[in-house]
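**Student:** Numbering (our numbering), first residue to last: 11 to 122.
(1) May I have the straight-line CA-CA distance separating residue 62 from residue 78, to the nearest angstrom?
(2) Quick one: using the 10 Å Cβ neighbour count with 16 as the cut-off for buried, is residue 54 buried or exposed?
(3) Suppose only complete runs of 3+ residues qualify. What are the beta strand (DSSP E) ranges in the stretch 55 to 84, listed by chain order?
(4) What does the alpha-carbon distance come out to for the pair residue 89 and residue 70?
(5) Could you check what DSSP says for residue 16 in three-state terms: helix, strand or coil?
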């Protein structure tokens, strides 16, 4: 998919109009941003926005996130355990301390 992010009022207005006119190409509208289908029409619309608004429009190509291929099992298991914690107000660092769950500082520095 193509992620189109706008940074000015004019660019947001144009994005809104493009989304209304080409709803079959818009995968999801997110306020200041939209996901376009990765088709030639989606690319055309994204390029058109860049041509009209320049640096007020950012376009990025995205790829689906597969948590089972990209994330270590320990991190996935920690996320599930943290969501099942008894006290919802417990911060993750305190939850993980003294347990087998990954340290938040180590996760912060580890790339996927």
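Think of the CB as a built atom: it goes at the ideal place given N, C-alpha and C, for glycine as much as any other residue. Keep in mind it's a predicted model, so treat the numbers as computed, not measured.
**Tutor:** Let's see:
(1) The count along the chain shown starts at 1 and reaches residue 62 at position 52. The count along the chain shown starts at 1 and reaches residue 78 at position 68. A direct Cα-to-Cα measurement between residue 62 and residue 78 gives close to 40 angstroms.
(2) Working through the chain shown from its first residue, we reach residue 54 at position 44. So residue 54 ends up on the exposed side.
(3) Within the stretch 55 to 84, the complete beta strand (DSSP E) runs of at least 3 residues are 67 to 71.
(4) As a first step, residue 89 is located in the chain shown; it is residue number 79 there, counting from the start. As a first step, residue 70 is located in the chain shown; it is residue number 60 there, counting from the start. Their backbone Cα atoms lie some 28 angstroms apart in a straight line.
(5) What you label residue 16 is simply residue 6 of the chain shown in a count that begins at 1. Three-state result, residue 16: strand.
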